[in-house]
Amino acid sequence: MRTKDELFRAAQREVAGYRQQAVMQAETTRRAAYAAHPALAEADAAHMRAGLGLAKAAALGSSMDAARAALARADETLAAAVKEAGYDESAFKPAYRCPLCEDTGMRGGIPCRCVADVARRLRREEINAASPLGLCQFSSFEVERYSTNVEPELGISPREYMGKLLNYCKNYAARFSANSPNLLFMGHSGLGKTHLALAIADAVLEGGHDVLYTSAAALAAQLGKEHFDYTNNEEWLAACQEADLLILDDLGTEYITPLTISVLYELINTRMLTHRPTIYTTNIIDQNIFVARYTEKVASRMLGGCKMFKFFGEDQRLK
Numbered sequence: 001m002r003t004k005d006e007l008f009r010a011a012q013r014e015v016a017g018y019r020q021q022a023v024m025q026a027e028t029t030r031r032a033a034y035a036a037h038p039a040l041a042e043a044d045a046a047h048m049r050a051g052l053g054l055a056k057a058a059a060l061g062s063s064m065d066a067a068r069a070a071l072a073r074a075d076e077t078l079a080a081a082v083k084e085a086g087y088d089e090s091a092f093k094p095a096y097r098c099p100l101c102e103d104t105g106m107r108g109g110i111p112c113r114c115v116a117d118v119a120r121r122l123r124r125e126e127i128n129a130a131s132p133l134g135l136c137q138f139s140s141f142e143v144e145r146y147s148t149n150v151e152p153e154l155g156i157s158p159r160e161y162m163g164k165l166l167n168y169c170k171n172y173a174a175r176f177s178a179n180s181p182n183l184l185f186m187g188h189s190g191l192g193k194t195h196l197a198l199a200i201a202d203a204v205l206e207g208g209h210d211v212l213y214t215s216a217a218a219l220a221a222q223l224g225k226e227h228f229d230y231t232n233n234e235e236w237l238a239a240c241q242e243a244d245l246l247i248l249d250d251l252g253t254e255y256i257t258p259l260t261i262s263v264l265y266e267l268i269n270t271r272m273l274t275h276r277p278t279i280y281t282t283n284i285i286d287q288n289i290f291v292a293r294y295t296e297k298v299a300s301r302m303l304g305g306c307k308m309f310k311f312f313g314e315d316q317r318l319k
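Residue numbers for the sequence shown follow UniProt numbering, beginning at 1 and rising by one.
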């Protein structure tokens, strides 16, 4: 995973590559056309000489009327030669992907929105590669698959409950900010915890925020590489700490070590202190087991700092 700065630089490099490609393609087209149509090449050379003549007149401070007239005639001659050769006037101009910045990545002294679009796509690709489902959408979350039988613990059916939870998640994503609460989704496997977390991620990304996804198992595996690649490990953790929204999925599946507990606490604490929301999912529904696994220190920070939602129903993957 890359930090926001690393992702932005990667997006800038990609946009710069678009510009280079467009310029090279235009030059290739121009050379092929001039080779096939000598008159076109001659008209372009004459146009260049006329332009240099105007620049020279301006530099010497002499009258520019004759030079301007010569350039105007050269413009007309070149346009006629292009048309005669069967080309459009834009054929030899670079076809930039972004008309706003012409693939420079900057507009008015600030990064162009095309860079943000590329950065968002790159982040989507990272999440899709790291998550079991890829980014999800709220529209594909089917509450109709949940039972209509009343759940005693809820007092309503899982279908009604999950419908309300779906609406909460939609509103959460639509109004996402640094003040959004941390969420903890608890429940057995196959009840939609990861789906809703990734649907929130998709909507929050679309809203212009940076989102990172990692499973707890991937987090623990990354920490296991510390002694072999400390620098990469630091960058990986920095990315988790800096993301506007972090999805930490499937707590309870990772291999627990003292290092895992220590880094998990640091990650949770840092994100809370810097007002960066996190969404956790776990199959552990017994809080006593949760505390025993993660220690009182970590569990109290997480459980006390999250809005908790318990998922009900049957494993939707088996239906």
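In this text, a Cβ means the ideal position worked out from N, Cα and C, and glycines have one as well. Since the model is a prediction, treat every value here as computed from it, not as a measurement.
DSSP links L183 through a beta bridge to I279 and K307.
The continuous alpha helix (DSSP H) containing D44 extends over residues P38 to L60. Going by DSSP, I268 is part of the alpha helix (DSSP H) stretching over P258 to L273. In the DSSP assignment, V82 falls outside any beta strand (DSSP E) and lies within the alpha helix (DSSP H) extending over D65 to E84.
Under the criterion of beta carbons closer than 8 Å, D249 and S215 qualify as touching, at roughly 5 Å. Taken through DSSP and simplified to helix, strand or coil, R97 comes out as coil. Residue burial annotation: P158 is buried, with at least 16 other C-beta atoms found within 10 angstroms of its C-beta. For D249, the enclosing beta strand (DSSP E) starts and ends at L245 to L251.
Counting other Cβ atoms within 10 Å of its Cβ, D65 stays below 16 and is therefore classed as exposed.
CA-CA distance, I268 to L135, rounds to 23 Å. N182 counts as buried, since at least 16 other C-beta atoms from the protein chains shown sit within 10 angstroms of its C-beta.
Counting the other CB atoms within 10 Å of its CB gives R123 a total of 16 or more, which places it among the buried residues.
In the pairwise beta carbon analysis, the stretch 171–178 is classified as not touching the stretch 103–115: fewer than three pairs are separated by under 8 Å. Excluding the 5 residues flanking it on each side, A203 has same chain C-beta neighbours closer than 6 Å at A173, in chain order.
A direct Cα-to-Cα measurement between Y168 and N288 gives close to 27 Å. Here H195 has L133, C136 and F141 as same chain residues with Cβ atoms under 7 Å from its own Cβ, once five neighbours each way along the sequence are excluded. Going by C-alpha positions, L166 is about 50 Å away from A26. DSSP, read as helix, strand or coil, puts M24 in helix. For the alpha helix (DSSP H) assignment, the uninterrupted runs of no fewer than 4 residues enclosed by the stretch 94–136 are, from N- to C-terminal side, 113–130. The Cβ-Cβ distance between T281 and F185 falls below 8 Å. Only buried fits H47, as 16 or more other CB atoms lie within 10 angstroms of its CB.
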